[in-house]
Amino acid sequence: MKYICLGYYDPAKHADMTEDERNAMFDECFEYDDHLRANGHFSGGEALQPRETALTLYWKNGKVAITDGPYTETKEQLGGILVLEAHDMNHAIQLMSQHPAVKYGSIFEIRPAADLNDMMKASEQRRKNTA
Amino acid sequence: MPPKAPEDLCRTIETLYRSESGRILATLVRLLGDLDLAEEAMHEAFAAALETWSQTGLPDKPRPWLISAGRFKAIDGMRRRGRFVAAQSAQALQLEARVNEAPPEEELEDDRLRLIFTCCHPALPSEGQVALTLREVCGLTTEEIARAFLVTPATLAQRIVRVKAVIRDQAIPYQVPVSQELSARLGAVLQVVYLVFNAGYSAEATGAGLSREAIRLGRLLLDLLPEPEVMGLLGLMLLQESRRAARSTAEGELILLDRQDRSLWNREQIAEGIALTESALRSRRFGAYTLQAAIAAVHAETSSAASTDWRQITLLYDRLMRIQPSPVVELNRAVAIAMYEGPEQGLCLIDDLLAGEELANYALAHSARADLCRRLGRLSEARVSYERALTLARQEPERRFLSRRLEELK
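Going line by line, the protein sequences match chains P and U.
Per my numbering, residue 23 is the first one in the first sequence, and the count goes up by one each step.
Per my numbering, residue 9 is the first one in the second sequence, and the count goes up by one each step.
See below:
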């Protein structure tokens, strides 16, 4: 099973850290990511640039609208996404609760990936029928 | 990235996982003394197997290979964490010193029994015992258990996290209880197995799976600990399961025992269930499960509802009342007496029971009363009792059954 782990952090907390502290945190986190990779648990992932770089796109009055910034504004911001390969939800919890980022105050939202294969097949069928 | 393993190796490892992961986990739990650590190490060992075996081929004995790999993975993990937590580092050294002792084969089976007793420890909440046993002993995933109990995976996952925390905080040991404690602790284990079975008994779609797991657990327990009550419980479950195909229509409508098509009963399960029940009875050390199995066996051996030996069933309920008195047993006994001596006698007993508090909100007591009134021609009383049962019943098939009976009385 794949689990999408959304990692949130509070930028204010990071700003208060010394460079040594920050480096120690990064070293620990990257080492754990390597450990996940070595055991086939790391299915993918990306860190995100700060929210100032974000833009949000949506439908408004019959056309696409775009605004600056992230979709939701909270004190914590989404710092990265990790796609975790785990046996089940409790295995995912076990793996992520050891992630050093948690100890440094990051919050992980763990979401099981949805299997849309059946939906996609049904949709293909519908499109074939109308074509 | 490891080289892409061939498809058939993947399948071999999946099969191995299904058949061996329970044993491997149990042994790793003993070696590591920690459930979470053991689980993680086991998953890593299977991942390592995929990588290594695609180059070296399958080892002669995959299970010891996986256990040993799991151990090394756990040591690696402790060492990694030991750089930040001193205690973990000491534990890693300790574990490394023991790494070459190969456990003898019979100890491996004991490991599973140890794990069952831990998962069903009386200090754990009942819901937690059930969830943990299904996950750690039967190897079901969090998601599968959640589906079977109709809760979200997040709820079930937290239940498991909490129950594991109790094991850790109270330092509940991974061991089979000593003989003085054994029968009491075995009672808790059997109760968990029976809870799993009953959860599967009434549920429509997901039910068969849970009942199957409970029967599998019963067989495993019997292998490990051939006590009379283990035989009795397995016998009881097989006898009840033997009627699965007959106790509802294709549309999921409930069919009661007296209206079931007995040719649909599973003869193989009945034969095995009766044999187990008889061995348990012969031991003279049997208990409540064996007596319930004996009652189920009387029904199973009877070719039609009309020729049921209700006297025998009443006697068995009398004995059951002596060793495990409960209002539910009393209710069942009353129904048997109604069949044996007549509905008036049964109705008297049920009215006494309903006057007490314990069964006042028990749907089956009201539907049993309704049925006796109906047979006595007291139709308005029957209607009132069916209506009361309907407001108390929670399972959908049961509710539909009661509504149908009510319709028939109008």
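All residues carry an ideal CB built from backbone N, CA and C; glycine is no exception.
Exposed or buried, which one is residue i when buried takes at least 16 other CB atoms within 10 Å?
i, result
"residue 361 (chain U)", "buried"
"residue 198 (chain U)", "buried"
"residue 321 (chain U)", "buried"
"residue 119 (chain P)", "exposed"
"residue 33 (chain P)", "exposed"
"residue 393 (chain U)", "buried"
"residue 418 (chain U)", "exposed"
"residue 150 (chain P)", "exposed"
"residue 201 (chain U)", "buried"
"residue 379 (chain U)", "buried"
"residue 141 (chain P)", "exposed"
"residue 81 (chain P)", "exposed"
"residue 35 (chain U)", "buried"
"residue 75 (chain U)", "buried"
"residue 341 (chain U)", "buried"
"residue 10 (chain U)", "Unreliable positioning characterises residue 10 (chain U) in this predicted model, as indicated by a pLDDT of 47, which lies under 50. A coordinate reading is not provided."
"residue 205 (chain U)", "buried"
"residue 51 (chain P)", "buried"
"residue 93 (chain P)", "exposed"
"residue 149 (chain U)", "buried"
"residue 312 (chain U)", "exposed"
"residue 123 (chain P)", "buried"
"residue 44 (chain U)", "buried"
"residue 143 (chain P)", "exposed"
Between residue i and chain B, is there a C-beta pair that is closer than 9 Å?
i, result
"residue 143 (chain U)", "Here the protein chains are P and U, and chain B is not one of them."
Which stretch, first to last residue, makes up the beta strand (DSSP E) that contains residue i?
i, result
"residue 157 (chain U)", "No beta strand (DSSP E) contains residue 157 (chain U), which DSSP labels as neither H nor E."
"residue 3 (chain U)", "The displayed coordinates of chain U run from 9 to 418. Any statement about residue 3 (chain U) would go beyond what the structure contains."
With which residues is residue i paired in a DSSP beta bridge?
i, result
"residue 127 (chain U)", "In the DSSP output, where bridge partners are listed per residue, residue 127 (chain U) has none listed."
"residue 377 (chain U)", "Partner(s): none; residue 377 (chain U) has no beta bridge."
"residue 26 (chain P)", "P:105 and P:133"
"residue 388 (chain U)", "DSSP, once it has assigned bridges, lists no residue as partnering residue 388 (chain U)."
"residue 257 (chain U)", "Residue 257 (chain U) pairs with nothing; no bridge assigned."
"residue 64 (chain P)", "P:106"
"residue 89 (chain P)", "P:78"
"residue 31 (chain P)", "P:99"
"residue 262 (chain U)", "U:256"
"residue 304 (chain U)", "Answer is none; residue 304 (chain U) lacks a bridge partner."
"residue 69 (chain P)", "P:102"
Alpha helix (DSSP H) containing residue i: first to last residue?
i, result
"residue 344 (chain U)", "335-349"
"residue 97 (chain P)", "Here residue 97 (chain P) belongs to no alpha helix (DSSP H), and DSSP marks it neither H nor E."
"residue 124 (chain P)", "122-125"
"residue 151 (chain P)", "139-152"
"residue 416 (chain U)", "404-417"
"residue 112 (chain P)", "111-119"
"residue 330 (chain U)", "318-331"
"residue 140 (chain U)", "134-140"
May I ask you to check if the CB of residue i is nearer than 8 Å to at least one heavy atom of the ligand FAD?
i, result
"residue 336 (chain U)", "Judged by which ligands are present, the structure shown has none, so any question about the ligand FAD falls away."
| task | Check distances from the C-beta atoms of the segment 25-49 of chain U to those of chain P and list, in chain order, the residues that come in under 8 Å. | result | 44, 47 and 48
| Which ranges does the alpha helix (DSSP H) cover as unbroken runs of at least 4 residues, wholly within the segment 26-93 of chain U, from first to last along the chain? | Runs of the alpha helix (DSSP H) lying entirely within the segment 26-93 of chain U and spanning at least 4 residues, in chain order: 43-64 and 70-90.
| said: Please give the ranges of any beta strand (DSSP E) in the segment 152-240 of chain U, keeping only runs that are unbroken, at least 3 residues long and fully inside the region. | reply: List check, beta strand (DSSP E) in window: nothing returned.
| request: Check each residue of the segment 158-186 of chain U: if its Cβ is closer than 9 Å to any Cβ of chain P, include it; give the result in chain order. | output: 161, 162, 164, 165, 166, 168, 169 and 172
| task | Quick one: which residues of the segment 57-83 of chain P get their C-beta closer than 7 Å to a C-beta of chain U? List them in chain order. | result | Within the segment 57-83 of chain P, the qualifying residues are 57, 61 and 62.
| task | Check each residue of the segment 133-147 of chain P: if its Cβ is closer than 9 Å to any Cβ of chain U, include it; give the result in chain order. | result | Within the segment 133-147 of chain P, the residues whose Cβ lies closer than 9 Å to some Cβ of chain U are 134, listed in chain order.
| query | the segment 89-116 of chain P: which residues have C-beta closer than 7 Å to a C-beta of chain U, in chain order? | reply | Cβ contacts with chain U: 109, 110, 111, 112, 113, 115 and 116.
| task | Below 7 Å between beta carbons is the criterion; list the residues of the segment 50-62 of chain U that meet it against any residue of chain P, in chain order. | result | 51, 52 and 55
| Given a limit of 8 Å on CB to CB distance, which residues of the segment 325-339 of chain U reach chain P? | Within the segment 325-339 of chain U, no residue has its Cβ closer than 8 Å to any Cβ of chain P.
| message | Taking beta-carbon pairs under 9 Å, can you tell me which members of the segment 58-88 of chain U lie near chain P? | response | 58, 59, 81, 84, 85 and 88
| message | Under 9 Å, CB to CB, which of the residues in the segment 364-398 of chain U have a partner in chain P? | response | Listed in sequence order: no entries.
| said: At a CB distance below 7 Å, what residues from the segment 146-158 of chain U approach chain P? Give them in sequence order. | reply: 149, 150 and 151
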